[in-house]
Amino acid sequence: MLETSARLLRLLSLLQLPRDWAGPELAQRLGVSGRTVRADVQRLRDLGYPVVATRGNVGGYRLGAGANLPPLLLDDDEAVAVTVGLRTATGGAIAGIEEASLRALAKLEKVLPSRLRRRVSTLQTYTVPVPRDDTGPTVDTEVLMAIAAVCRDRERLRFDYADNSGAATVRAVEPYRLVNWGRRWYLFAWDLDRDDWRTFRVDRMRPRIPTGPRFAPRELPDDVAAYVSSRVSAAAWRYRTRVTVHAPAEVVGMRISPAAGVVERIDEQTCVLDTGADTVETLGVYLGLLDADFDITGPPELVAYLRRLTARYARSTPPTPDR
1 MLETSARLLR LLSLLQLPRD WAGPELAQRL GVSGRTVRAD VQRLRDLGYP
51 VVATRGNVGG YRLGAGANLP PLLLDDDEAV AVTVGLRTAT GGAIAGIEEA
101 SLRALAKLEK VLPSRLRRRV STLQTYTVPV PRDDTGPTVD TEVLMAIAAV
151 CRDRERLRFD YADNSGAATV RAVEPYRLVN WGRRWYLFAW DLDRDDWRTF
201 RVDRMRPRIP TGPRFAPREL PDDVAAYVSS RVSAAAWRYR TRVTVHAPAE
251 VVGMRISPAA GVVERIDEQT CVLDTGADTV ETLGVYLGLL DADFDITGPP
301 ELVAYLRRLT ARYARSTPPT PDR
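Take a look at the structure:
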């Protein structure tokens, strides 16, 4: 059995994870009785850690928000990860986080042991960042944190939402995951009105507070990131096309990112690429990556662009020498 001080540190480390812990589960992890777990939870509360306990089938212990931020327990790898993350946060897509990141970084680096400070400094010295060439919407920090909290606490959420056309609706969901894709953030949630999984752009959301009651978790898709990327792409495309490609589906799948489109097998030597983009120029790039013959029937803008592109390439290359 762990000594009391070591056990408290282990308990605190578990409670800092973004989930609820049932009492018997904590007792098993720590190798103690449920009574000891309850006593240790009270010790942490006496030290200023706001440990919250909830009842019911989805209840348990978790570390809640307090009036004052208690000391955090970080191991070496976690301290390095947090420091590196803060140093790179100023180029992100979360509005208002740059100054806060610098303040937190200054506090953290001040207390880092010399061995960790050297690791972080070495990584920073020998890393050359390339400025991002993409632009995208920014997400309000408070909105992002509020959504993350309801995902963690498994609380229903109602919010005002603007779709691609700008139409405003009020949605009610069971929130599960935040998905970060480049400079965009998405909420993956179960839509209570549509009785199905849905994906929402966080920069278009305005949460309504207070949140709703807690819910029992549903079984998630095997790969949430792949699920979101396939549906986000289709919803955001301005131009869509289905291209018959004269190559095996396995080969095309290796050349096209899942975020760019879906490959459907026809036979051993033919498949269909269902793809799209905001511009026909981007679609032209996708088709060039196929390195295979293909047939398209639309949209008209893409057909016209490929004809112009064909003529341009023909003018740009020297004629074939006579033999």
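Counting along the sequence shown from 1, when you hit position 173 you're at 173 in the UniProt record's numbering, and nothing is skipped either side.
Yeah, the Cβ is synthetic: ideal placement off N, Cα and C, and Gly gets one too.
- Listed in chain order, the alpha helix (DSSP H) elements of length 4 or more contained wholly in the region 15-81 are 23-30 and 34-46.
- The DSSP-derived three-state label of Glu250 is helix.
- Short of 8 Å from the beta carbon of Pro213, and not among the five residues preceding or following it, lie these beta carbons of its own chain, in chain order: Glu155 and Arg156.
- Minimum Cα-Cα distance from Gln28 among the listed residues Ser316, Arg7, Leu309 and Asp191 corresponds to Arg7.
- Leu157 has Val173 as its beta-bridge partners, per DSSP.
- Judged by beta-carbon spacing, Gly23 lies within the 8 Å limit of Gly34, meaning their Cβ atoms are closer than that value.
- DSSP assignment within the region 197-284 yields the following whole alpha helix (DSSP H) runs of 4 residues or more, N-terminal first: 224-236 and 249-255.
- Taking every protein chain shown into account, the CB of Thr279 has fewer than 16 other CB atoms within 10 angstroms, so this residue is exposed.
- Around the beta carbon of Ile256, 16 or more other beta carbons lie within 10 angstroms, which makes this residue buried.
- In the structure shown, Ala292 falls within a coil segment according to DSSP collapsed to helix, strand and coil.
- Measuring C-alpha to C-alpha distances from Leu302 to each of Thr320, Ala277, Ser316 and Asp267 identifies Ala277 as the nearest.
- According to DSSP, residue pairing for Leu187 in a beta bridge involves Leu178 and Phe200.
- The C-alpha of Arg218 lies about 25 Å from the C-alpha of Pro258.
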